[in-house]
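Participant: Under mature numbering (1 follows the signal peptide of the UniProt record, and there is no 0), the letters of the sequence shown match residues -29 to -1, 1 to 272, in that order. Provided herewith is a single structure, encoded as structure tokens, for subsequent inquiry.
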Amino acid sequence: MPVPRRPRSRRAASVLPLLLLLGAAPARAADGPGWSAAPEPGAAGSAPRPAFYLAGAPGAVLEDRLTLANASDRPRTLTLRGAEAAGSWISFGGAASVTVPPRTRAAVPFTVTVPPAALPGDRRAAVVAAEAGREEAVRVHLRVGGPTLAALTVEDVEVRGRGARTEVAYTLANRGNVPLAPRVSVRAEGLFGPLPGRPERALPAEVPPGGRVRLAEPWPGAPRLGAADVTLTATAPGAAPATATASARFAPGGPAAGAGAVLALGGAAALGLARRRHARRRPPVPAPGPEPAPAPTGARA
């Protein structure tokens, strides 16, 4: 007589289709990592996806699936979350964690909800799986539809330090809606002409939309005495060049320590220059001529 089967719960029926046997994958030590996270593979024979690539208009709800593979011989309970700039747009449908049986993989669906007021442009995010202090993040490249704008500004330029350790500090602000990879250069002008500056160089990291970053450029060619105007220029593909200028005075003790001495020196030089200019503008005094002869004695008027 056949033994009646127990009816499956509705929860188990919804989870089982997501679990696929790994087959003959070699077992790892029970105390090793034993698990991995990656985008769900595409069609049979297609190359693995290194990251998620999603695109939609403001207000769109985008869907994809994360594969969690457990190659170990014990269950793994992994917590899931969104991370980085647009990480708050990612949801796993209320499933904060997933338990993956041994030698099994689970395809976990998630959604990316683009806010209705989101500006067009590229966004960075990630889906993160974690267990016992170990995390694996899978990059999410998201493009919000609409016109893009590349805009960059340079702010708060200042000269600090002294001698070979002088540097030009500044802030870059991304005012557009696309990530920017800026290049910066420094040009300097002294009292007697151009000074050695800093050639253009690429920054090691991008500035995200709405982001601000505080940086500094070494300026070993700064003068040890006198004054200079420093102009920092930043460029990025698609954006208009941005510039900002700062003035600095230098003394043997550095820009800040010798400010009084430099001001006194500059004042004396300015006073001498003003006197020379005034002397050049003063009209020449005519040389005295011969004295007139005295009138004859007894002459009538």
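Think of the CB as a built atom: it goes at the ideal place given N, C-alpha and C, for glycine as much as any other residue.
Could you check where the beta strand (DSSP E) with Ala159 kicks off and where it finishes?
Facilitator: Position 188 of the sequence shown, counted from the start, is the residue given in the question as residue 159. From DSSP, the beta strand (DSSP E) with Ala159 extends over Arg154 to Gly161.
Participant: List the whole-angstrom C-beta distance separating Ala96 from Ala159, where the pair is believed to meet the contact cut-off of C-beta under 8 Å.
Facilitator: Start at 1 with the first residue of the sequence shown, and residue 96 comes out as number 125. Start at 1 with the first residue of the sequence shown, and residue 159 comes out as number 188. So it is not a contact: roughly 41 Å between Cβ atoms.
Participant: In whole angstroms, what is the alpha-carbon distance linking Gly117 and Pro91?
Facilitator: Position 146 of the sequence shown, counting from 1, holds the residue named residue 117. Position 120 of the sequence shown, counting from 1, holds the residue named residue 91. Cα to Cα, the separation comes out at about 5 Å.
Participant: Output the distance between the C-alpha atoms of Pro10 and Ala122, rounded to the nearest integer angstrom.
Facilitator: Here residue 10 refers to the residue found at position 39 when the sequence shown is read from its first residue. Here residue 122 refers to the residue found at position 151 when the sequence shown is read from its first residue. Spanning the two alpha carbons is a distance of roughly 33 Å.
Participant: Hey, out of Thr50, Arg47 and Pro12, whose CA is closest to Asp35's CA?
Facilitator: Within the sequence shown, numbered from 1, the residue matching residue 35 stands at position 64. Ranking the options by Cα distance to Asp35, first place goes to Pro12.
Participant: Can you tell me where the beta strand (DSSP E) holding Leu113 begins and where it ends?
Facilitator: Within the sequence shown, numbered from 1, the residue matching residue 113 stands at position 142. Arg105 to Val115 is the extent of the beta strand (DSSP E) around Leu113.
Participant: CA-CA distance, Ser62 and Thr84?
Facilitator: The residue labelled residue 62 in the question sits at position 91 within the sequence shown. The residue labelled residue 84 in the question sits at position 113 within the sequence shown. Rounded to whole angstroms, Ser62 to Thr84 spans 8 Å at the Cα level.
Participant: With distance defined between alpha-carbon atoms, name the residue in Thr50, Ala56 and Ser218 nearest to Glu107.
Facilitator: For the purposes of this step, residue 107 is taken as the residue at position 136 of the sequence shown. Answer by Cα proximity: Thr50.
Participant: Relative to the C-alpha of Asp200, which candidate in Gly168, Thr142, Gly161 and Gly209 has its C-alpha closest?
Facilitator: Here the question's residue 200 lines up with position 229 in the sequence shown. Among Gly168, Thr142, Gly161 and Gly209, the Cα nearest to that of Asp200 is on Gly161.
Participant: Looking at Ala144: is its Cβ nearer than 8 Å to the Cβ of Arg172?
Facilitator: Position 173 of the sequence shown, counted from the first residue, corresponds to residue 144. Position 201 of the sequence shown, counted from the first residue, corresponds to residue 172. No, Cβ-Cβ distance for Ala144 and Arg172 is not below 8 Å.
Participant: Tell me which residues share the same chain as Pro165 and place their Cβ nearer than 8 Å to its Cβ, disregarding the 5 neighbours each side in the sequence.
Facilitator: Indexing the sequence shown from 1 puts residue 165 at position 194. Closer than 8 Å at the Cβ level, and outside the excluded window around Pro165, lie Arg158 and Ala159.
Participant: Comparing C-alpha positions only, which one of Ala40, Asn148, Val79 and Ala57 sits nearest to Pro72?
Facilitator: To locate residue 72, count along the sequence shown from 1; it is residue 101. Closest option to Pro72, Cα to Cα, is Ala40.
Participant: With a cut-off of 8 Å on the beta carbons, I'd call Leu120 and Gly147 a contact; round off their distance for me.
Facilitator: Within the sequence shown, the letter at position 149 stands for residue 120. Within the sequence shown, the letter at position 176 stands for residue 147. Rounded, the Cβ-Cβ distance is 4 Å, consistent with contact.
Participant: Should Arg76 and Ala22 be called a contact, given that it needs their Cβ atoms to be closer than 8 Å?
Facilitator: Sequence index remark: in the sequence shown, residue 76 carries index 105 (1-based). Sequence index remark: in the sequence shown, residue 22 carries index 51 (1-based). It is not a contact, given that the beta carbons lie outside the stated cut-off.
Participant: What is the residue span of the beta strand (DSSP E) that Glu102 lies within?
Facilitator: In the sequence shown, counting from the first residue as 1, residue 102 sits at position 131. Note, Glu102: beta strand (DSSP E), Gly92 to Glu102.
Participant: Thinking Val155 and Ala215 are a contact (beta carbons under 8 Å), I'd like their distance in whole angstroms, please.
Facilitator: On the sequence shown, position 184 is the one that residue 155 refers to. On the sequence shown, position 244 is the one that residue 215 refers to. Val155 to Ala215, Cβ: 11 Å. No contact.
Participant: Assuming Pro87 and Pro29 form a contact by the criterion Cβ under 8 Å, report the distance between their Cβ atoms to the nearest whole angstrom.
Facilitator: To locate residue 87, count along the sequence shown from 1; it is residue 116. To locate residue 29, count along the sequence shown from 1; it is residue 58. Contact flag correct, Cβ pair sits at about 5 Å.
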